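Chains as they are written, first to last, in the working numbering: chain A, 256 to 664; chain B, 256 to 664; chain C, 256 to 664; chain D, 256 to 664.
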């Protein structure tokens, strides 16, 4: 089916380095070549002899023609293969929000590009972006399409690009141990203990922790524990939406969440009136900060945020009731604000919030550790499946997770 | 535990009418009174003697005090109980987006209010709103909090309000038959046939049909069938978000959806590049309409919308890549546009789209029929659980649903 | 479409009594008549005037012909409608395990039959059975098809049968309040508190409690709490299968469950060896009782059962490893043993065990209260959907449920 | 934390061969050593230079002590590592169903053992078994604990055992391509086409195909298509339980499945009476074969099985109604019958049947290809997660799968 002669017509020698074997990188590389009907030959394979030494390999890839090679190289580049002596290619953006057709689309892995013979690390790494090079060719940065300006220098093709996928370290840290998803059929408290250790370590080394809580945090009675974590200094930024804030104030005012008593579990009054009354109350004082400054916000997640100067970003959505004045209703602005809050973050806790967690995942580099908690296994799978060893999912009741975490921290 | 004397201290006689017994309305009313620790006495109970006759009942409700009675009446009003000779109470909104504290929070059921002795039907019925009365007290309309202006006359309390919950008619239509959720353990094609009948009936009686499709419609290969339904005239409005449009154009350009070939099921190329290229292509021409007018949009859902003058609204979200120029990024504007498109709609098809379907459900009256299709039972449950006999859910692969529906229409 | 004349050709007057309106019974009756294209006329409708009084109604049902009437009466009988002056009909079983073609198929509701003018309550009520009448026509009892003997007197048709569906009482008990399913989006601890109250009440009134635990009880670390409940006297019978016992012993021997450490959450050793070693260990001593008598069973669920004389039944299944000697491998024998253990039970806790819980549900009368706990909402829905007000489902981590329950009892 | 000196105290040199790199075997081996706190040094690593050449490696493993080495070797043996010059160790079974404490617990991968210097392949490979050696040391076979007899020679320890895990071939077959699970967000028909190709290939090369259908096959209207596949000769054995047979006959008799019309989707009559009547009908004629021989079984899955001499095994379960005479109610006998029917099978289709599919998976070698179809993603994950490249899962409506498959075959 494959014609050897054709395949020998184009070849390219690429290099890979790191813990290739035990990080599944090598198996992914070979898998991709074979899947795309390319061929390969090992030129060199220096496997690390012990746990500590990295491996280095060079590999010649054979393709039918240049287009076929480009397709294969598109894949291999993303897995970390690179050619030693090529400089990156750039072209100018033809218009605002428009990039050259052959633009290089980024991964969320740490990436370097070779400009005028020098490897330079790309800043603000995030996936599904382009790389924009500074006019002096000294710096490069990921940029979402919406922020590209006419005449920006945009990286194209796959030359001169070195992607560095996360590797498992052979000396295991707690986080490496936790790298798979924890099913609901495990003893969850064990894993909460691990999460507590990671958080303590992150804070003791001066790291930033962001949380992305969904409304279920409040419905399930977890908000007192999240508030407690904020008070104890474990939260440096909070990213969520309108509902979380409204439920938080409803709980303070009425002890209910969407009309359901957190104390008795009973529906206290027909449907949503408390919910609407909470919005009305917040609107009356011009928003959460207005309430806080008047001394009317006295407990809950946002009380602790405002009291402890923890910044938050509330992004609007098409399904919002209200929204309250604190919500950023323009999505471009909201996305910018999310990116700002996530700058230099070291650990992200995604707590039963699909929509906002996906938004956060879209702009995080793969080396930022994330812990995703949701009772729905499908939600956890979707969130941790980011090609990263740093995402860790736990399928459980979010309030249980927070209760135990709060006890341990 | 309950003190009869206390309870006899406040009483109120309310009226209910309609198919009380077989629509569960009567059982809900009694259930609510007992749950809230109130008491009741039947004064009159004229049950319809045959399938066609409605029932009428009057009921005296006993409460501990006025606050208790208000609480009970808050519930009963929503179930359809009303007092014959009371006029509605109104108060003025103290500020923009702020309503009087005792505001009446609406349901999604048809509602009338009594003003100066006359029952008047409330316009633009939707839930979690307030009722704003026109200055001349001749008209009334539901309004979301965000559109309330200072000094608007807002209905407060529960007096003079007659909610008319949907009833099952005793002479069953096809839709009545389908009023529960269809589990994945049923012969789905039977129910698709029912859906086809409803759609045909809706169109033959001049009704409007809106669809709310999610990205899975495209991933699963259903877009050709949705496009076909648009071409055949079965769609009068389409409400969705950025992803649907981007995947639609990606499919036209590359035959893939998020990089997965719809033909072979294989991942054609690393992750998301096709996705980004589709956004870039759309941006290049200033949006979908730009593409269409240049003759570059030649197939797919949006090609059919533009060719057949079917209006659409794409609401932005915090997780969008892009977004493309056609997306409304401000949520207030997007919500207004959704409400406009849904004006006078007769039937809504929610197709594997949780976020946008919830947004649509938030502004639909209960008497608009909705058919919700999703492979995730939890999503269907959430969407059909709107206290309405008119929501019908089917748990199945959305592309199967569309394929069979397309064959039948 | 329906021909009135035809319909008037057959009619029958039936009686209903109880809390018809607020128990949804009346709405179900009318719904069924209309669904089956019958008609009805109310003859009498004495609705209870207060919370305490029951309602009584007589209703004339019209059908096209006798077969149509039989079809309608088949439904109405199950909902509680009965004709006052008819005796039950019986025919003889033609062979072992074979009943007359027109056999009456039972529900799980309390049922009486009229024999020689006297209403007699049917014993051992369970669904999907037949009613066998004693030779002297003084007693009647439900019997599964497999136990029917040639010449047994089996009830046929629908005459003389009075089914008494569970009604909600208007004066709410804790259990009535809990009659719906608790979703994962609720504060679960509230509901565990209710469960604790029910269990305490059941024991203080001398009731029997059975538990039906699945293997997840052990995987999730819940077994110490279940063992504790047994020790405290809250368990009078345990129904499960092979896996629970094997995991219980594996935990005692190795601190693992299917090779996963309950302490650290790590897979201690490749796959299943511990599991197989536990089976081998049990086999060596001839079963759990052998281990216990040798003093080798020192902790866990079955240690507590054996120490506290709590009877258990372990039913085999086609997927068993082992099975250990304590498992009943013949399904007919296992089903008999299950029925014996459930005799006169007052409360059943179904703990993350689908297969065995369905088996238990198959033989329980509807008036026995059941609490079903599972993290999978679909499993809970399937188990509580037994047409009973006495089944209560909680969607949560079973070990959390047991931990909190153990604290409270 | 780890002491190099201690670790150097015990060492062992093992060999691995095959497509180590692209089959993830090498990464798993290193991962396990590091996880268990062992160390390693590569002695030799001859990587296959092209797609076709296998790799060979020798590796020295360091452990703290002999127990630690045994633990590590327990893992590595299962991944395919073996020591060249060791013979297998055996001990005698001390009693029926009891094996020596250090017994070797099998995987489902092809395995050879070295006896008196010769590698011999183990017969009847299945997981969670022991290996019993023939008295003349010429043959070896997997045996479940329940079939072990006193004095059988049972393999112990990990010496002289060479496990051969499935590898991905570098030249991809259709099945290799399909080795992951297909989510519900894919175009399912593409994958059904692949399944059809595999089935056609299996039959054209004289292979045996077994199916494991669950009751949902009938509820969803898929039975006509399964019957058709049997008629066309695509089924060589059917493994299921009581419910499938009862629903099959109910469908033939009444056009319903658990009382729900397959034609209209309506509940034709109260609950389960049809179900019970079908059991009674089957019992009347002594079982399915009795019905068939009287000419009373005229359509459906079992009609086709009996007409086309396709053997079937129906295993009982604790939740069965009936059961009908064809059901094997003793689980030991049922397990034996399952193993017989699966002898030399080449392809297994698991169709919406969790319980029976797990039972089948328990006794299949990893090199038998399996296709698992279920609408519940959790069920598919559980079934395909057998450490095999030969299990392929599709999340979809089983009747859709069968309908399209039937069209294509």
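All C-beta atoms in this analysis are idealised placements derived from N, C-alpha and C, irrespective of residue type, glycine included.
These numbers were taken from a predicted model, which means no experiment stands behind them.
Chain C partners of residue i, CB-CB under 7 Å?
{"i": "residue 446(B)", "result": "Neighbours of residue 446(B) on chain C: none; closest Cβ ~16 Å, over 7 Å."}
{"i": "residue 495(B)", "result": "Under the 7 Å cutoff, chain C gives no residues; its nearest Cβ is about 26 Å from residue 495(B)."}
{"i": "residue 652(A)", "result": "439, 443, 651, 652 and 655"}
Listing by chain order, which chain A residues have their CB less than 8 Å from the CB of residue i?
{"i": "residue 577(B)", "result": "400 and 401"}
Should residue i go down as buried or exposed, given a rule of 16 or more other Cβ atoms within 10 Å for buried?
{"i": "residue 415(A)", "result": "buried"}
{"i": "residue 645(D)", "result": "buried"}
{"i": "residue 350(B)", "result": "exposed"}
{"i": "residue 425(A)", "result": "Note that residue 425(A) has pLDDT 47, beneath the 50 cutoff, so the model's placement of it is unreliable and the number below is only indicative. Flag for residue 425(A) reads buried."}
{"i": "residue 549(C)", "result": "exposed"}
{"i": "residue 611(A)", "result": "buried"}
{"i": "residue 400(D)", "result": "buried"}
{"i": "residue 461(B)", "result": "exposed"}
{"i": "residue 625(D)", "result": "buried"}
If you follow the beta strand (DSSP E) that residue i is in, where does it begin and where does it stop?
{"i": "residue 301(B)", "result": "294 to 301"}
{"i": "residue 670(A)", "result": "This structure cannot settle anything about residue 670(A), because the visible part of chain A is limited to 256 through 664."}
{"i": "residue 567(C)", "result": "567 to 570"}
{"i": "residue 272(A)", "result": "265 to 273"}
I need the straight-line Cα distance from residue i to residue j, nearest angstrom please.
{"i": "residue 284(D)", "j": "residue 496(A)", "result": "45 Å"}
{"i": "residue 333(C)", "j": "residue 339(B)", "result": "39 Å"}
{"i": "residue 361(B)", "j": "residue 286(A)", "result": "58 Å"}
{"i": "residue 434(D)", "j": "residue 543(D)", "result": "Confidence is the limiting factor: at residue 434(D) the pLDDT is only 47, short of 50, which leaves the residue's position unreliable, though a coordinate-based value still follows. Rounded to whole angstroms, residue 434(D) to residue 543(D) spans 38 Å at the Cα level."}
{"i": "residue 390(B)", "j": "residue 406(B)", "result": "10 Å"}
{"i": "residue 297(A)", "j": "residue 266(A)", "result": "13 Å"}
{"i": "residue 575(A)", "j": "residue 584(A)", "result": "10 Å"}
{"i": "residue 371(D)", "j": "residue 342(D)", "result": "6 Å"}
{"i": "residue 290(D)", "j": "residue 540(B)", "result": "54 Å"}
{"i": "residue 450(D)", "j": "residue 649(D)", "result": "10 Å"}
Which residues of chain D have a Cβ atom closer than 7 Å to the Cβ of residue i, listed in chain order?
{"i": "residue 647(A)", "result": "The premise fails here: residue 647(A) is roughly 16 Å from chain D at the closest Cβ pair, so nothing lies under 7 Å."}
{"i": "residue 589(C)", "result": "573"}
{"i": "residue 519(B)", "result": "445"}
List, in order along the chain, the chain B residues whose C-beta lies closer than 8 Å to that of residue i?
{"i": "residue 474(D)", "result": "440, 441 and 442"}
{"i": "residue 633(C)", "result": "632"}
Span of the alpha helix (DSSP H) holding residue i?
{"i": "residue 503(A)", "result": "497 to 509"}
Starting from the beta carbon of residue i, find every residue of chain B whose beta carbon is closer than 7 Å, and list them in chain order.
{"i": "residue 231(A)", "result": "Nothing in the structure corresponds to residue 231(A), since chain A is present only between 256 and 664."}
Cβ closer than 7 Å: which chain A residues qualify as neighbours of residue i?
{"i": "residue 352(B)", "result": "538"}
Quick one: is residue i near chain E, going by C-beta distance under 9 Å?
{"i": "residue 279(D)", "result": "The structure shown contains no chain E; the protein chains it does contain are A, B, C and D."}
| Would you call the region 451 to 467 of chain D and the region 568 to 584 of chain D in contact, with 3 or more CB pairs under 8 Å? | no
| Quick check: the region 501 to 509 of chain B against the region 533 to 552 of chain B, are there 3 or more CB pairs under 8 Å? | yes
| query | Does the count of Cβ pairs from the region 471 to 484 of chain B and the region 597 to 614 of chain B closer than 8 Å reach three? | reply | yes
| query | Is the region 516 to 523 of chain B touching the region 484 to 499 of chain B, taking contact as three or more C-beta pairs under 8 Å? | reply | no
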